[in-house]
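Visitor: A single structure is presented below for examination.
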Amino acid sequence: MTESAPDKSEALLQLSNVRLNFHTYAGEVKALDGVSFMVTKGEALGLVGESGCGKSVTALTIVGLLPENASVTEGKIILAGKNLLEISSEEMRKIRANNIAMVFQDPTTFLNPVLTLGEQLEEVFLLNPDELARIAAERKMEDTLVEARSDKGTQPKENAEGAPSTARLSKSAQKKLARILSIEVLKQVQLPDPERILKEYPHELSGGMRQRCMIAMALARNPDLFIADEITTALDVTIQAQILELLRQLKKELTGSTLLITHDLGVVAELCDRVAVMYAGNIVELADVKELFANPLHPYTQGLMRAIPMIDRPLERLETIPGSVPDLIYPPSGCRFHPRCPFAFEKCKLEKPELIHGGKAHTVACHLYGEGKA
Amino acid sequence: MFLLVFVLVGVTIIVFFLSQVLLDPLALYITERTREDAIPALIAYYHLNDPWPIRYAVYVWNLIRGDWGYSRSLSQPVLQGMAGRFPATMELAIAAIIWTLVAGIPAGIISALKNNKLPDHISRIVALTGVSTPVFWLGLLLQLVFFYYFHLLGLPNLPSNGRYDTTLGLEHPVTQITGLMVVDTVVTGNFIMTEDVVAHLILPSFALGFISLGVIMRIMRSSMLEVLRQDYIILARSKGLTERVVIYRHALKNAMIPTVTVAGLAVAGLLGGAPLTETVFAWPGMGRLAVNAIGRNDAPLIMGFTLIAALILVFANLTVDILYAYLDPRIKY
Amino acid sequence: MAVRRPSSWSPAVAELKFAGHLLIQNKVVLAGTIIAVAVLIAAVIGPVVINPAVATSIYLPGRLAPPGPEHWLGTDDYGRDLLKIILLSMRLDISATLTIVGADLVIGVLFGAFSGFMGGKLDEAMMRITDVFFSIPTLILAIAVAAAIGRGLNNLILAIIIVGWPGYTRILRGQVLAEKEKLYVDALRALGIGRVRIILRHIVPNTIYPVLVQATLDLGGTILLFAGLSFLGFGASALTPELGRLITAGQTYIFQAPWLVAFPGIAILMVSLAFNLMGDGIRDILDPRLRR
Numbered sequence: 052m053t054e055s056a057p058d059k060s061e062a063l064l065q066l067s068n069v070r071l072n073f074h075t076y077a078g079e080v081k082a083l084d085g086v087s088f089m090v091t092k093g094e095a096l097g098l099v100g101e102s103g104c105g106k107s108v109t110a111l112t113i114v115g116l117l118p119e120n121a122s123v124t125e126g127k128i129i130l131a132g133k134n135l136l137e138i139s140s141e142e143m144r145k146i147r148a149n150n151i152a153m154v155f156q157d158p159t160t161f162l163n164p165v166l167t168l169g170e171q172l173e174e175v176f177l178l179n180p181d182e183l184a185r186i187a188a189e190r191k192m193e194d195t196l197v198e199a200r201s202d203k204g205t206q207p208k209e210n211a212e213g214a215p216s217t218a219r220l221s222k223s224a225q226k227k228l229a230r231i232l233s234i235e236v237l238k239q240v241q242l243p244d245p246e247r248i249l250k251e252y253p254h255e256l257s258g259g260m261r262q263r264c265m266i267a268m269a270l271a272r273n274p275d276l277f278i279a280d281e282i283t284t285a286l287d288v289t290i291q292a293q294i295l296e297l298l299r300q301l302k303k304e305l306t307g308s309t310l311l312i313t314h315d316l317g318v319v320a321e322l323c324d325r326v327a328v329m330y331a332g333n334i335v336e337l338a339d340v341k342e343l344f345a346n347p348l349h350p351y352t353q354g355l356m357r358a359i360p361m362i363d364r365p366l367e368r369l370e371t372i373p374g375s376v377p378d379l380i381y382p383p384s385g386c387r388f389h390p391r392c393p394f395a396f397e398k399c400k401l402e403k404p405e406l407i408h409g410g411k412a413h414t415v416a417c418h419l420y421g422e423g424k425a
Numbered sequence: 005m006f007l008l009v010f011v012l013v014g015v016t017i018i019v020f021f022l023s024q025v026l027l028d029p030l031a032l033y034i035t036e037r038t039r040e041d042a043i044p045a046l047i048a049y050y051h052l053n054d055p056w057p058i059r060y061a062v063y064v065w066n067l068i069r070g071d072w073g074y075s076r077s078l079s080q081p082v083l084q085g086m087a088g089r090f091p092a093t094m095e096l097a098i099a100a101i102i103w104t105l106v107a108g109i110p111a112g113i114i115s116a117l118k119n120n121k122l123p124d125h126i127s128r129i130v131a132l133t134g135v136s137t138p139v140f141w142l143g144l145l146l147q148l149v150f151f152y153y154f155h156l157l158g159l160p161n162l163p164s165n166g167r168y169d170t171t172l173g174l175e176h177p178v179t180q181i182t183g184l185m186v187v188d189t190v191v192t193g194n195f196i197m198t199e200d201v202v203a204h205l206i207l208p209s210f211a212l213g214f215i216s217l218g219v220i221m222r223i224m225r226s227s228m229l230e231v232l233r234q235d236y237i238i239l240a241r242s243k244g245l246t247e248r249v250v251i252y253r254h255a256l257k258n259a260m261i262p263t264v265t266v267a268g269l270a271v272a273g274l275l276g277g278a279p280l281t282e283t284v285f286a287w288p289g290m291g292r293l294a295v296n297a298i299g300r301n302d303a304p305l306i307m308g309f310t311l312i313a314a315l316i317l318v319f320a321n322l323t324v325d326i327l328y329a330y331l332d333p334r335i336k337y
Numbered sequence: 604m605a606v607r608r609p610s611s612w613s614p615a616v617a618e619l620k621f622a623g624h625l626l627i628q629n630k631v632v633l634a635g636t637i638i639a640v641a642v643l644i645a646a647v648i649g650p651v652v653i654n655p656a657v658a659t660s661i662y663l664p665g666r667l668a669p670p671g672p673e674h675w676l677g678t679d680d681y682g683r684d685l686l687k688i689i690l691l692s693m694r695l696d697i698s699a700t701l702t703i704v705g706a707d708l709v710i711g712v713l714f715g716a717f718s719g720f721m722g723g724k725l726d727e728a729m730m731r732i733t734d735v736f737f738s739i740p741t742l743i744l745a746i747a748v749a750a751a752i753g754r755g756l757n758n759l760i761l762a763i764i765i766v767g768w769p770g771y772t773r774i775l776r777g778q779v780l781a782e783k784e785k786l787y788v789d790a791l792r793a794l795g796i797g798r799v800r801i802i803l804r805h806i807v808p809n810t811i812y813p814v815l816v817q818a819t820l821d822l823g824g825t826i827l828l829f830a831g832l833s834f835l836g837f838g839a840s841a842l843t844p845e846l847g848r849l850i851t852a853g854q855t856y857i858f859q860a861p862w863l864v865a866f867p868g869i870a871i872l873m874v875s876l877a878f879n880l881m882g883d884g885i886r887d888i889l890d891p892r893l894r895r
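Residue numbers (my numbering), protein chains in the order written: chain D, 52 to 425; chain X, 5 to 337; chain R, 604 to 895.
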């Protein structure tokens, strides 16, 4: 499986040939059919496709939060040298706590209605007391925190050179620090009056504010990989724009990688370095963002491009892709797109195309390219 | 709050209708010492010959004043007779609720967490059996086994009648403070009696609580399962929180909301089961009083019991509403 | 390419498959339902096979006999064979229960449909009335009503009917409130069809599912209520074979002849369990449909 990875960058996350099925009464839904891609450190990879193509499922597979009726039948997901599909659930939990953070689509249903935002945000910080102690030491916050600690009467231990060691903070000190850090991260997502927000419940905030809070919860972990699953879809257009602006800003500030899942090519154009196009459980094309827009190779991608209005093209009829998304219990043979593809030929029905180089830093899964052209 | 008042009014209307319209209105207020010639005066006093609205108003006014009629079977005014037995029923009901909640809620949670595995199947069977068992029969069986058979087998047996051993009670008299004997004996340090009283409570409260146990277990299980499917649980897990925190901090509080509501209904069930349980265990509570009244055709007492039961239930539901508002921040009063 | 897809089968078949799948999946429910049906069949067939005269055939020399080869469940204090008496009683209890729930269903649905559809003051009043009924525990209110209208089996059934309808009214009203906003209702009104007809012919059939589910779930509780009240002395007279009555009679001999109390109670439990399992099964099958 070839990838369009710049040779110098290091891979953070690598998916290889991941296959996933859902067991349902109606049959086996073959949701992921050999998904492979890579996210390098510091880049923003977009994952685009229609609803139901498996983008969210891919994300859930990475973080290990699939429903019970799902099973991965093949493949590897490598993060920091470990195969996420094989590690224990405790190890996975730690990875979720420290390395991967995910933000979901609907801030209304994804926030717990009976806990305050403060509680839901601070608990992220409180997961990692050692980290809290380290931050306290780094910022030389012993003075402010000593008041919190005075009720316990513990003193920071000092090692020989007089620098405070990373000893544990007391519970109340941890809570105070968590609160301070929560306020900071809320400011980072540009929420006004963070102290008040901490005390409020989700239903008391607007949709846009809730979404920013969810983003804050993700940032709080300073993750190596930030997964955003259609985070603007459930919002009004104006709020969408605000969130996108926020993401643009954050992109400049943050060092981690981002996996941005969306069905909106516009978002991809704005925020991503590379793009992967998904259709019916397969990655069909993968390229740098400018290259993809300039030169879409896969017929599906071409169809998508034609379906959105672009400023620099004269406004003709928007074209649709004929047909509809296939039934994944009985998917089409060979290339899953062939029933809707204007260029399909015999081989497309028989053999599933692999991802091959179609240009510079550009891979595509289609029989039109490489050997076996019609 | 308006609703409460209205409901109470409605209850009095029903009881009024039953006791004053369907039955002989005079029967409510006659005692065995009432003389024939005193009857016209009584009729005038209670306005029994006046049009219904007036009769009803007088009836309610008398209720408020504490005149709930006279009970032939007790030879006492109704309200007084019941007030005496009220603590006994309360103690039984409270004991039943406590063990129902203490056993039922954790069982429901475990059942949800180990969904479709053995503990779940066992507790569902228990719950289903609980809901299908006639409480009076259960009480009789409990007496048979734990009192009679244990005694025959030489095992220490649980008492089957009454609230305490009267002989023991003479030696260690219990001072009445609240009327709840467990509380009273503990507070006065009368621990010998505490043991006795608790022993007497075990079987009846188990029988009474057994039905509600099934209901609580089921609702706790289903609401927990429902909550665990919610999106915010996915988010909680994605934050890397331990499973324990996810369940006890995020899920439980949400799952308790429907359970609390159902617990309020369960109180209704307990009150309904009280007459049967008290009869079987010869427990000197209001329920048993009402049942005896049935046999003696003492309608005033039955009606009085109905009124009190409604009052208790209304109060319980009020408590449930308050708890509900506390648990769910989306509700405001 | 012709691929055989499940969506080409008729929707009804797919539904049945789904329902069957649900039922079989939960083996406990399945086992229970089978037992339940067996119990009910026995209860229905029994009295046909057994001569009702058994109820009055008193044979005192043989009274209080323990279970044995001649009388499988023993005899009661009138010398009657307990097994036969129990089977006869089950029929009475079951038919009383069905009558009660059936009547409450009709009353409740009618009240709920009209109340919900007409709305306004009528609806307000009905809600308050049901609230009042809900604030008195069922058994206690039934006792009060029974005390007021007099003794006897029919009066007991009537008393429980009077006490039981509000639940269905509330459920149906809730459904009707949602249903009457649907477009087809406006269409029917525009056609000039009278409101009563709309309610009975259109609204009720579309909203009745949850109420039916609740009714089957209530069967189990109703038989407990009926037996309990009989136990307390309402309803049937001494010799009439009725399960609660049998337990009252057996109470006196509980220590010498415990089978007199144990077996009728087991019968009540089994019938109630049967009803509950059926109700659960029906609810599980209908529930996904309810949510759509």
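All C-beta atoms, glycine included, are put in the ideal place defined by N, C-alpha and C.
All of these numbers come straight from a predicted model, not from anything done at the bench.
Examine the Cβ distances between the stretch 291 to 307 of chain X and the stretch 739 to 748 of chain R and report whether three or more of them are shorter than 8 Å.
Guide: yes
Visitor: What residue range does the beta strand (DSSP E) around LEU153 (chain D) cover?
Guide: Locating residue 153 (chain D) in the first sequence gives position 102, where the first residue counts as 1. Inspection of the sequence shows that residue 153 (chain D) is occupied by Met rather than by Leu. Run containing MET153 (chain D): 151 to 154, per the beta strand (DSSP E) assignment.
Visitor: Beta-carbon within less than 7 Å of ALA839 (chain R)'s beta-carbon, same chain only, minus the 5 sequence neighbours each way: which residues are those?
Guide: The residue given as residue 839 (chain R) occupies position 236 in the third sequence. Correct list, in chain order: LEU756, SER833, GLU845 and ARG848.
Visitor: Which same chain residues, not among the five before or five after TRP72 (chain X), have their C-beta less than 6 Å away from its C-beta?
Guide: Start at 1 with the first residue of the second sequence, and residue 72 (chain X) comes out as number 68. Within the same chain, TRP72 (chain X) has close Cβ partners VAL82, LEU83 and GLY308.
Visitor: Please go through the same chain and pick out, in chain order, the residues whose beta-carbon is closer than 7 Å to the beta-carbon of THR700 (chain R), but skip the five residues on each side of it.
Guide: Here residue 700 (chain R) refers to the residue found at position 97 when the third sequence is read from its first residue. Answer for THR700 (chain R): LEU822, THR825, ILE826 and PHE829, listed in chain order.
Visitor: What are the boundary residues of the beta strand (DSSP E) that includes ILE129 (chain D)?
Guide: Within the first sequence, the letter at position 78 stands for residue 129 (chain D). Its beta strand (DSSP E) spans residues 121 to 130.
Visitor: For VAL19 (chain X), name the three-state secondary structure that DSSP assigns.
Guide: In the second sequence, the residue the question calls residue 19 (chain X) occupies position 15. Reduced to three states, the DSSP call for VAL19 (chain X) is helix.
Visitor: Starting from the C-beta of ILE98 (chain X), find all residues in its chain whose C-beta is less than 8 Å away, skip the five residues before and the five after it, and write them out in chain order.
Guide: Residue numbering aside, residue 98 (chain X) sits at position 94 when the second sequence is read from its first letter. Excluding positions up to five away in sequence, the list reads LEU184.
Visitor: What residues from chain R crowd round THR263 (chain X), counting only those whose CB sits closer than 9 Å?
Guide: By one-based count along the second sequence, residue 263 (chain X) stands at place 259. Within 9 Å Cβ-Cβ: nothing; THR263 (chain X) doesn't reach chain R, min ~18 Å.
Visitor: In whole angstroms, what is the alpha-carbon distance linking ASP325 (chain X) and THR265 (chain X)?
Guide: For the purposes of this step, residue 325 (chain X) is identified with residue 321 of the second sequence, where counting begins at 1. For the purposes of this step, residue 265 (chain X) is identified with residue 261 of the second sequence, where counting begins at 1. Spanning the two alpha carbons is a distance of roughly 8 Å.
Visitor: Let me know the alpha helix (DSSP H) ranges lying completely inside the stretch 108 to 181 of chain X, each 4 residues or longer, listed in chain order.
Guide: DSSP runs (the alpha helix (DSSP H)) wholly in the stretch 108 to 181 of chain X: 122 to 136, 139 to 146 and 170 to 175.
Visitor: With distances taken between CB atoms, is the gap from SER127 (chain X) to ARG241 (chain X) smaller than 9 Å?
Guide: The count along the second sequence starts at 1 and reaches residue 127 (chain X) at position 123. The count along the second sequence starts at 1 and reaches residue 241 (chain X) at position 237. No, these two residues do not count as a Cβ contact at 9 Å.
Visitor: I'd like the list of long-range same chain contacts for VAL295 (chain X), defined as Cβ closer than 6 Å, with 5 residues on each side in sequence excluded.
Guide: Position 291 of the second sequence, counted from the first residue, corresponds to residue 295 (chain X). Contacts found: PRO279 and THR283.
Visitor: Does PRO164 (chain D) get closer than 9 Å to chain X when you measure Cβ to Cβ?
Guide: If you number the first sequence from 1, residue 164 (chain D) lands on position 113. True, the Cβ-Cβ gap to chain X drops below 9 Å.
Visitor: Please report the straight-line C-alpha distance between LEU249 (chain D) and GLU170 (chain D), rounded to a whole angstrom.
Guide: Here the question's residue 249 (chain D) lines up with position 198 in the first sequence. Here the question's residue 170 (chain D) lines up with position 119 in the first sequence. Going from the Cα of LEU249 (chain D) to the Cα of GLU170 (chain D) covers about 7 Å.
Visitor: Under 8 Å by Cβ, that's how I've got ASP280 (chain D) and MET153 (chain D) pegged, so tell me the actual separation to the nearest angstrom.
Guide: The residue given as residue 280 (chain D) occupies position 229 in the first sequence. The residue given as residue 153 (chain D) occupies position 102 in the first sequence. Between MET153 (chain D) and ASP280 (chain D) the Cβ distance is about 7 Å, and since that is below 8 Å, they are a contact.
Visitor: Could you tell me whether the Cβ atoms of VAL779 (chain R) and PHE736 (chain R) are closer together than 9 Å?
Guide: Locating residue 779 (chain R) in the third sequence gives position 176, counting from the first residue. Locating residue 736 (chain R) in the third sequence gives position 133, counting from the first residue. The answer is no: Cβ separation not under 9 Å.
Visitor: For the beta strand (DSSP E) that LEU337 (chain D) lies in, which residues bound it at each end?
Guide: As a first step, residue 337 (chain D) is located in the first sequence; it is residue number 286 there, counting from the start. Residues 333 to 339.
Visitor: Name the chain X residues that come within less than 7 Å of ARG731 (chain R), Cβ to Cβ?
Guide: The sequence position of residue 731 (chain R) within the third sequence is 128, counting from 1. Against ARG731 (chain R), the close residues of chain X are PHE10 and GLY14, in the order they occur along the chain (beta-carbon pairs closer than 7 Å).
Visitor: Whole-angstrom Cβ separation of PRO740 (chain R) and ALA272 (chain X), contact assumed at under 8 Å?
Guide: Residue mapping note: residue 740 (chain R) aligns to position 137 of the third sequence, counting from 1. Residue mapping note: residue 272 (chain X) aligns to position 268 of the second sequence, counting from 1. Between ALA272 (chain X) and PRO740 (chain R) the Cβ distance is about 5 Å, and since that is below 8 Å, they are a contact.
Visitor: If the cut is a Cβ gap below 9 Å, which residues of chain R does PRO279 (chain X) touch?
Guide: Reading the second sequence from its first residue, position 275 is the one you call residue 279 (chain X). Here the neighbours are LEU742, ILE743, ILE746, GLY831 and LEU835.
Visitor: Using the beta-carbon of each residue, which ones in chain X are nearer than 7 Å to MET260 (chain D)?
Guide: Locating residue 260 (chain D) in the first sequence gives position 209, where the first residue counts as 1. Within 7 Å Cβ-Cβ: nothing; MET260 (chain D) doesn't reach chain X, min ~16 Å.
Visitor: Would ARG894 (chain R) be called buried (16 or more neighbouring beta carbons within 10 Å of its own) or exposed?
Guide: Taking the first residue of the third sequence as position 1, residue 894 (chain R) is located at position 291. Residue placement at ARG894 (chain R) is poorly supported in this model, since its pLDDT is 46, which falls under 50; the coordinates still yield a value, given next. It counts as exposed.
Visitor: Grab the span of the beta strand (DSSP E) containing THR309 (chain D) for me, first residue to last.
Guide: Start at 1 with the first residue of the first sequence, and residue 309 (chain D) comes out as number 258. It spans 308 to 313 - the beta strand (DSSP E) in which THR309 (chain D) sits, taken as one unbroken run.
Visitor: Once DSSP output is grouped into helix, strand and coil, what is the label at TYR76 (chain D)?
Guide: For the purposes of this step, residue 76 (chain D) is taken as the residue at position 25 of the first sequence. The answer is coil: DSSP assigns TYR76 (chain D) none of H, G, I, E or B.
Visitor: Going along the chain, which unbroken runs of the beta strand (DSSP E) with 3 or more residues stay wholly within the stretch 253 to 289 of chain D?
Guide: 276 to 280
Visitor: Out of curiosity, what's the CA-to-CA distance linking MET228 (chain X) and THR91 (chain D)?
Guide: As a working note, residue 228 (chain X) is residue 224 in the second sequence. As a working note, residue 91 (chain D) is residue 40 in the first sequence. So the alpha carbons of these two residues sit roughly 40 Å apart.
Visitor: With 9 Å as the threshold, decide whether the Cβ of ALA211 (chain D) is near any Cβ in chain X.
Guide: Counted from its first residue, the first sequence places residue 211 (chain D) at position 160. Per-residue confidence for ALA211 (chain D) stands at a pLDDT of 40, beneath the threshold of 50, marking its modelled position as unreliable; the derived number appears in the next sentence. No, no contact with chain X.
Visitor: Can you give the Cα-Cα distance for LEU295 (chain D) and LEU7 (chain X), rounded to whole angstroms?
Guide: Residue numbering aside, residue 295 (chain D) sits at position 244 when the first sequence is read from its first letter. Residue numbering aside, residue 7 (chain X) sits at position 3 when the second sequence is read from its first letter. Taking the straight line joining both Cα atoms gives about 49 Å.
Visitor: Name the chain X residues that come within less than 8 Å of PHE858 (chain R), Cβ to Cβ?
Guide: For the purposes of this step, residue 858 (chain R) is identified with residue 255 of the third sequence, where counting begins at 1. Within chain X, the residues near PHE858 (chain R) are LEU148 and TYR152.
Visitor: Beta carbons nearer than 9 Å to chain D: which residues of the stretch 225 to 242 of chain X have them?
Guide: ARG233, GLN234, ASP235, TYR236, ILE237, ILE238, LEU239, ALA240, ARG241 and SER242
Visitor: Where does PHE6 (chain X) sit, in a helix, a strand or coil, going by DSSP?
Guide: What you label residue 6 (chain X) is simply residue 2 of the second sequence in a count that begins at 1. In this structure, PHE6 (chain X) counts as helix in the three-state DSSP scheme.
Visitor: Applying the 10 Å Cβ sphere with the 16-neighbour rule, what's the burial state of GLU727 (chain R)?
Guide: By 1-based counting over the third sequence, the position of residue 727 (chain R) is 124. Answer is exposed; the Cβ neighbour count stays below 16.
Visitor: Look up SER67 (chain D) in the DSSP assignment and give the residues it is bridged to.
Guide: In the first sequence, the residue the question calls residue 67 (chain D) occupies position 16. Paired residues: D:LYS127.
Visitor: Go ahead and pull the three-state DSSP assignment for PRO180 (chain D).
Guide: For the purposes of this step, residue 180 (chain D) is identified with residue 129 of the first sequence, where counting begins at 1. Here PRO180 (chain D) sits in helix by DSSP.
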